[in-house]
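The opening position of the sequence shown corresponds to residue 153 in our numbering, with each subsequent residue numbered one higher. Backbone N, C-alpha and C fix where the C-beta goes; we use that ideal spot for every residue, glycine too. Below is one structure, written out as structure tokens, with a few remarks after it.
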Amino acid sequence: MTDRSLAARLEAWLDPLPTCALMAGLQLDVFAHLSRRPSTASELAAALGVDERRLSQLLRALSAVDLLHISLDDETAPGDSHRACEAVYHAGEEVTALLSTDSSRFIGQDHALAHRFMRAGTRLATAIRTGKAQGADLAGHTNEHERAHFQQELFGGAQALGHELVRRGWLDGCHRVVDAGGGTGGLALAVSSVTETEMIVLERASVVGLAQQAIDDHRVPVSVTHGDVCDPEDDIEQRLRLPVDAVLGVAFLQVLGPSLAAAAVRRMVRWLRSGGLLLITGIGIIDNDRRSPAAAAVADVLFGVLYEEGRTYTIGQITAWMEDAGLAQVTVDRLDDDRLVLRGWRSA
């Protein structure tokens, strides 16, 4: 690596302005609106119900980094020679494909979560200095409003994961599946909408109401059960019709310390029939060298900001827990976005 290439990378990492503009564009759904109809700042502000002056500043910024195109509206009123031509903003074909929520290729499902991670990153040095988590508000732990907002941000990414699991055939032959820590049911809804699989969302009591509301809104037959996998006094097993064909553990081991994470794996394995599947995935799984995927290496330090025991776990650690719990043939795969997936089947 040359000094110049390193300097260019560092400059890009330290420049927050393009990222801030992109995040705001996604949060306001600018790209979807402009992909449907090129608009002036005043037209788009009226459609979005936002401040026109500040929106025009954002649109100019997005055009400066080549995410929007500009043409001039020369349809000035007769005799109004002093009126400046108003800029019309367009989303190009590639931007529309990748950044419009109307597109099947949309890559911004997790933009709200990414924004939350960015905010956590600004507190990282403080967490390291103090040895304490600094992100209870960012993790949705402070009040009901924050909890609901946090879960809504996770919904789109969970849906995308559900569709990918179905496409890959990893749930083929599974009639009853528990999504442990399934949030507001995005994954379960995605699976149930295209298969006959009976999906059961298991969540803490504080989230169950949000999950039930989301499922009712989508009118898809998904069950919701309250329970805390990490609480040995919580008799979850009496509320679940066991055994089941598969249990999904998505993105929740990363919030637990090692002993609780291992205990959660053992408990989920006990819910499986002979030959049943435990699937564990999330950004909190990392290769044994702790360097890849790069996103997991960075997420490792951010989990320490968000949660007291937050961390990533290696393939080797999770595989050992799965095998100790009675799973055989543990396999490792990667999702489309490079997240790691571990699958194991309960021995006879």
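Bridge partners - residue i, DSSP secondary structure assignment
| i | result |
| --- | --- |
| Glu348 | DSSP, once it has assigned bridges, lists no residue as partnering Glu348. |
| His263 | Note: His263 sits in no beta bridge, so no partner. |
| Leu494 | Ile432 and Val484 |
| Arg328 | Glu350 |
| Gly401 | Ala332 and Ile432 |
| Thr192 | Val240 |
| Glu355 | His378 |
| Ile280 | Answer is none; Ile280 lacks a bridge partner. |
| Val396 | Leu424 |
| Leu224 | Ala239 |
C-alpha distance - residue i paired with residue j, whole-angstrom precision
| i | j | result |
| --- | --- | --- |
| Val450 | Met420 | 28 Å |
| Arg442 | Cys172 | 29 Å |
| Ala291 | Leu354 | 19 Å |
| Val399 | Leu431 | 6 Å |
| Gly175 | Leu394 | It is worth fixing the name first, because residue 175 is Met in this sequence and not Gly. If you take the alpha carbons of Met175 and Leu394, they lie about 43 Å apart. |
| Arg235 | Phe183 | Only weak support exists for where Arg235 lies, its pLDDT of 40 falling under 50; the coordinates are left without a value. |
| Pro170 | Asp476 | 47 Å |
| Ser426 | Ala160 | 54 Å |
| Phe269 | Asp289 | 12 Å |
| Asp232 | Glu296 | For Asp232, the pLDDT reaches just 44, beneath the cut-off of 50, and the residue's location in the model is therefore unreliable, although a value from the coordinates is still provided. Between Asp232 and Glu296, the C-alpha separation is close to 53 Å. |
| Ala357 | Val493 | 27 Å |
| Trp165 | Arg498 | 44 Å |
| Ala416 | Cys382 | 6 Å |
| Leu250 | Leu211 | 18 Å |
| Pro230 | Gln364 | At Pro230, the pLDDT of 44 sits below 50, so the modelled position is not reliable and the matter cannot be decided from this model. |
| Thr101 | Leu180 | Residue 101 lies beyond the range of the chain shown here (153 to 500); nothing can be said about it. |
| Thr501 | Glu204 | Coverage of the chain is limited to positions 153 through 500, which leaves residue 501 absent and any answer about it impossible. |
| Leu306 | Ser375 | 19 Å |
| Gly287 | Ala272 | 7 Å |
| Ala478 | Cys326 | Checking the sequence shown, residue 478 turns out to be Gly, not Ala. So the two alpha carbons sit approximately 19 Å from each other. |
| His221 | Gln261 | 23 Å |
| Phe302 | Arg422 | 30 Å |
| Trp473 | Arg281 | 32 Å |
| Glu298 | Ala500 | 44 Å |
| Leu207 | Ala213 | 10 Å |
| Ala216 | His263 | 21 Å |
| Phe404 | Val202 | 36 Å |
Close beta carbons around residue i, own chain, < 6 Å, minus the five adjacent residues each side
| i | result |
| --- | --- |
| Ala300 | Leu362 |
| Ala342 | Gln311, Gly314 and His315 |
| Ser187 | Ala243, Thr248 and Ser252 |
| Arg391 | Thr377 |
| Ala366 | Thr336 and Gly337 |
Bounding residues of the beta strand (DSSP E) (the contiguous stretch that carries residue i)
| i | result |
| --- | --- |
| Ala446 | That residue, Ala446, is in no beta strand (DSSP E); its alpha helix (DSSP H) goes Ala446 to Leu458. |
| Thr377 | Ser375 to His378 |
Cutoff 8 Å; reference residue i; Cβ partners in own chain excluding five residues on either side
| i | result |
| --- | --- |
| Thr192 | Asp225, Glu238, Ala239, Val240 and Tyr241 |
| Val318 | Ala342, Val343, Val346 and Thr347 |
| His185 | Ser191, Leu196, Ala199 and Leu200 |
| Ser223 | Pro190, Ala239, Val240 and His242 |
Nearest-angstrom Cβ-Cβ length linking residue i and residue j, presumed shorter than 8 Å
| i | j | result |
| --- | --- | --- |
| Glu350 | Arg328 | 5 Å |
| Ala279 | Gly456 | 6 Å |
| Ala285 | Leu458 | 6 Å |
| Gly333 | Val402 | 7 Å |
| Ile437 | Ala448 | 6 Å |
| Gly428 | Arg491 | That pair is no contact at about 22 Å. |
| Ile352 | Val330 | 5 Å |
| Leu219 | Gly177 | 7 Å |
| Gly338 | Gly308 | 7 Å |
| Val482 | Gly496 | 4 Å |
Residues near residue i in its chain [Cβ-Cβ closer than 7 Å; skip 5 each side]
| i | result |
| --- | --- |
| Val453 | Leu276 |
| His370 | Leu341 |
| Pro168 | none |
| Asp488 | Glu316 |
Opening and closing residue of the alpha helix (DSSP H) in which residue i lies
| i | result |
| --- | --- |
| Gly308 | Glu296 to Arg320 |
| Ala176 | Leu169 to Gln179 |
| Asp441 | Run containing Asp441: none; DSSP gives neither H nor E here. |
| Pro384 | Where Pro384 is concerned, there is no enclosing alpha helix (DSSP H), given that its DSSP letter is neither H nor E. |
| Gly468 | Ile467 to Asp476 |
| Pro410 | Pro410 to Arg422 |
| Glu204 | Glu204 to Ala216 |
| Val372 | Segment: none, Val372 is in no alpha helix (DSSP H) and carries neither H nor E. |
| Val247 | Glu245 to Leu251 |
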